[in-house]
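Chemist:
2 protein chains.
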Amino acid sequence: MKEIEQRLTENGVRPTAMRILIYKYMAESEVAIALTDIENAFAKADRTTLFRTLKTFEQKGVVHQIDDGTGVQKYALCETGCNCELEQDLHLHFHCNNCNETVCLTEHKIPNINLPEGYVAEDANLVLKGICEKCSAQ
Amino acid sequence: MKEIEQRLTENGVRPTAMRILIYKYMAESEVAIALTDIENAFAKADRTTLFRTLKTFEQKGVVHQIDDGTGVQKYALCETGCNCELEQDLHLHFHCNNCNETVCLTEHKIPNINLPEGYVAEDANLVLKGICEKCSAQ
DNA sequence: AATTGTAGTGCAACGGAAGTGCATTTATTG
DNA sequence: CAATAAATGCACTTCCGTTGCACTACAATT
Ligand SMILES: [Mn+2]
Ligand SMILES: [Mn+2]
Ligand SMILES: [Zn+2]
Ligand SMILES: [Zn+2]
C-alpha cells in the first residue's frame, strides 16, 4: 500500500484512493488492461475518472499504452525505472487469439530495423499474435 | 483497366464498376488508405458499399489491413503473388508523425522473434513511427 | 425474351469506445 | 478558517466500424 503511494508520488501523481485502487488492480493483473476492464472492476466509480486516471498514469510514466490491434486501448504498468520514451526500451507484446488477452514480454526488446534513406524512427510497436502460454498448455 | 478486372476476377471478386474505381484509386495511392479517404474520393457512393468493398478485397487477398496505431483501419493493395497469411510474408509499416501518412515497406520483412516457451506466433504487426522520407526532405 | 436467383448497392440505424465541458466535491495551503 | 487547486462525476459528443433490410443490377436458366 505504502509502496504504491510512494510510486505514484515519485512520478508526480497524487495518490488518491481511486488511483491507488486502480494501480493495485493493474499490479495484480498479469495481462494488459482496457478501460472497460477497470470499469467492470470498479462499477461505482465514473468512467471519466477511470479514463482520466489512465491518461494521467500514462502521461506520468506510470503505465504505458498498448495497441494490440484489437481496436481497444490497453494499458500495463511500467517496470520500475523503465523509460518507455526511449526507443531501446520498447518491448514487444503478445496478443492471444484464443483467450484474447495481451501480455507484455518485457524481456523481448524490439530489434533494430534498418529503414530506407530518409526515414527516421522515433517509436515502434511490435505485436505478435497467436496462442499464449496458458492456452497452448491446455 | 483490363488488368484490374483480371486481377479482381483472379481473386474471386466480381469486377463491378465501383470496385474497379476503388482498386484504381488505391493503386494510384502511394500510402495506405482509410475508409474515410475513399469516402471523400467517391462522395456519391454510399459508405456501406465502400466499407464492404474493402472487406471483400481483404477477404479475397486483394488488399491487406494495416493497423498503424492511429485507431483508424487502413488498407493497401497486396503485392501480386503476396501471401499475407504466411508469417514470412509480413512486411513492416511506417507511420509518419508529421504528415500522418502510413506506408508499406514491402521490402522490409518482420524479423523472426524468439518467443518464450509455450507461445506460438501466427501473425505479427510491426509499425515504426517517426518522420517519413518526404517530410524529412523538407 | 421472360423468369428466377444471386450478388451488389443504398439507406438508416446501432454500438462501442474515446474524448470534452462544466458543475461539484475533495484536498491542499496560506 | 478562507482561498485555491486538483480530482471526480454527469451529460453529452464524436468518430468509426458494423449490421439489417429493402432495392437494384446482373447472370443464369428455362
Ligand atoms: Mn508492455
Ligand atoms: Mn502493407
Ligand atoms: Zn491465451
Ligand atoms: Zn510524413
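Here the protein sequences come in this chain order: D and U.
Just so you know, the numbering used here puts the end of the first sequence at 314, numbered straight through with nothing missing.
Just so you know, the numbering used here puts the end of the second sequence at 314, numbered straight through with nothing missing.
Cβ atoms here follow ideal geometry from the backbone N, Cα and C, with glycine treated the same way.
These figures come from a predicted structure and were not determined experimentally.
1. What distance in whole Å lies between the Cβ atoms of Met202/D and Ile196/D, which are believed to be in contact at a cut-off of 8 Å?
2. With distances taken between CB atoms, is the gap from Leu302/D to Val303/U smaller than 9 Å?
3. Would the C-beta of Cys308/D count as close to ligand 1, meaning under 8 Å from any of its heavy atoms?
4. So which residues of chain D does Val296/U contact, with C-beta pairs closer than 8 Å?
5. Using three-state DSSP, classify Cys254/U as helix, strand or coil.
6. Chain D partners of Ala300/U, CB-CB under 8 Å?
7. Taking only beta-carbon atoms, is His240/D less than 9 Å away from chain U?
8. Determine whether the beta carbon atoms of Thr232/D and Val189/D lie at a separation below 9 Å.
9. Is it buried or exposed, Gly294/D, if we count other Cβ atoms within 10 angstroms and call 16 or more buried?
10. Among the residues of its own chain, which have a CB less than 7 Å from the CB of Glu255/U, if the five just before and after it don't count?
11. Determine whether the beta carbon atoms of Ile307/U and Cys272/U lie at a separation below 9 Å.
12. Starting from Leu184/D, trace the beta strand (DSSP E) both ways and give me its first and last residue.
13. Comparing the C-beta of Asn187/D with each C-beta of chain U, is any distance below 9 Å?
14. I want to verify the contact list: residues of chain U whose CB lies under 9 Å from the CB of His284/D, in sequence order.
15. Among Val296/D, Glu215/D, His267/D and Leu226/D, which has the Cα closest to the Cα of Asp244/D?
16. Leu211/D to Lys220/D, Cα distance in whole Å?
17. Just mark Thr229/D as buried or exposed, buried being the case when its beta carbon has 16 or more other beta carbons within 10 Å.
18. Taking 6 Å as the limit, tell me which residues put their C-beta closer than that to any heavy atom of ligand 2, in chain order.
19. Cβ-heavy atom distance between Glu277/U and ligand 4 below 8 Å?
20. What in chain U is Cβ-close to Gly245/D, meaning under 8 Å?
21. For ligand 3, I want to know if Cys272/D counts as a neighbour, meaning its beta carbon is within less than 8 Å of at least one of the ligand's heavy atoms.
Modeler: To lay it out plainly:
1. For the purposes of this step, residue 196/D is identified with residue 20 of the first sequence, where counting begins at 1. For the purposes of this step, residue 202/D is identified with residue 26 of the first sequence, where counting begins at 1. The Cβ separation is near 11 Å, so there is no contact.
2. Within the first sequence, residue 302/D is the residue found at index 126, counting from 1. Within the second sequence, residue 303/U is the residue found at index 127, counting from 1. Closer than 9 Å, so yes.
3. Here residue 308/D is taken as the residue at index 132 of the first sequence, counted from 1. Flag unset: Cβ of Cys308/D not near ligand 1.
4. In the second sequence, counting from the first residue as 1, residue 296/U sits at position 120. Neighbours of Val296/U in chain D, taken as residues whose beta carbon is under 8 Å from its own, are Gly306, Ile307 and Ser312 in chain order.
5. Sequence index remark: in the second sequence, residue 254/U carries index 78 (1-based). For Cys254/U, the secondary structure class from DSSP, reduced to helix, strand or coil, is coil.
6. Position 124 of the second sequence, counted from the first residue, corresponds to residue 300/U. Chain D residues near Ala300/U: Leu302, Val303, Leu304 and Lys305.
7. Here residue 240/D is taken as the residue at index 64 of the first sequence, counted from 1. No, its Cβ sits nowhere closer than 9 Å to a Cβ of chain U.
8. Along the first sequence, one-based indexing puts residue 232/D at 56. Along the first sequence, one-based indexing puts residue 189/D at 13. Yes, they are a contact pair.
9. In the first sequence, residue 294/D corresponds to position 118, counting from 1. Looking at its Cβ environment, which holds fewer than 16 other Cβ atoms inside 10 Å, Gly294/D is exposed.
10. Within the second sequence, residue 255/U is the residue found at index 79, counting from 1. Apart from sequence neighbours up to five positions away, the residues of its chain that approach Glu255/U with a beta-carbon distance below 7 Å are Thr282, ordered along the chain.
11. To locate residue 307/U, count along the second sequence from 1; it is residue 131. To locate residue 272/U, count along the second sequence from 1; it is residue 96. In this structure, Ile307/U places its C-beta atom within 9 Å of the C-beta atom of Cys272/U.
12. On the first sequence, residue 184/D is found 8 positions in, with the first residue counted as 1. DSSP places Leu184/D in no beta strand (DSSP E) but in the uninterrupted alpha helix (DSSP H) bounded by Lys178 to Glu186.
13. Counting from one through the first sequence, the residue named residue 187/D turns up at place 11. Answer no: the Cβ-Cβ gap between Asn187/D and chain U never drops below 9 Å.
14. As a first step, residue 284/D is located in the first sequence; it is residue number 108 there, counting from the start. At a C-beta separation below 9 Å, His284/D has these neighbours in chain U: Ile289, Asn290, Leu291 and Pro292.
15. Here the question's residue 244/D lines up with position 68 in the first sequence. Checking every option, the nearest Cα to that of Asp244/D belongs to His267/D.
16. Here residue 211/D refers to the residue found at position 35 when the first sequence is read from its first residue. Here residue 220/D refers to the residue found at position 44 when the first sequence is read from its first residue. The alpha-carbon atoms of Leu211/D and Lys220/D are separated by roughly 14 Å.
17. Indexing the first sequence from 1 puts residue 229/D at position 53. By the neighbour-count criterion, in which a residue is buried when 16 or more other Cβ atoms sit within 10 angstroms of its Cβ, Thr229/D is buried.
18. Cβ atoms closer than 6 Å to ligand 2 belong to His240/U, Ile242/U, Ala252/U, His267/U, His269/U and Cys280/U.
19. In the second sequence, residue 277/U corresponds to position 101, counting from 1. Because some heavy atom of ligand 4 lies under 8 Å away, the Cβ of Glu277/U counts as near it: yes.
20. Against the first sequence, residue 245/D aligns to sequence position 69. Neighbours of Gly245/D across chain U, judged by C-beta separation under 8 Å: Asp243 and Asn301.
21. Taking the first residue of the first sequence as position 1, residue 272/D is located at position 96. Flag set: Cβ of Cys272/D near ligand 3.
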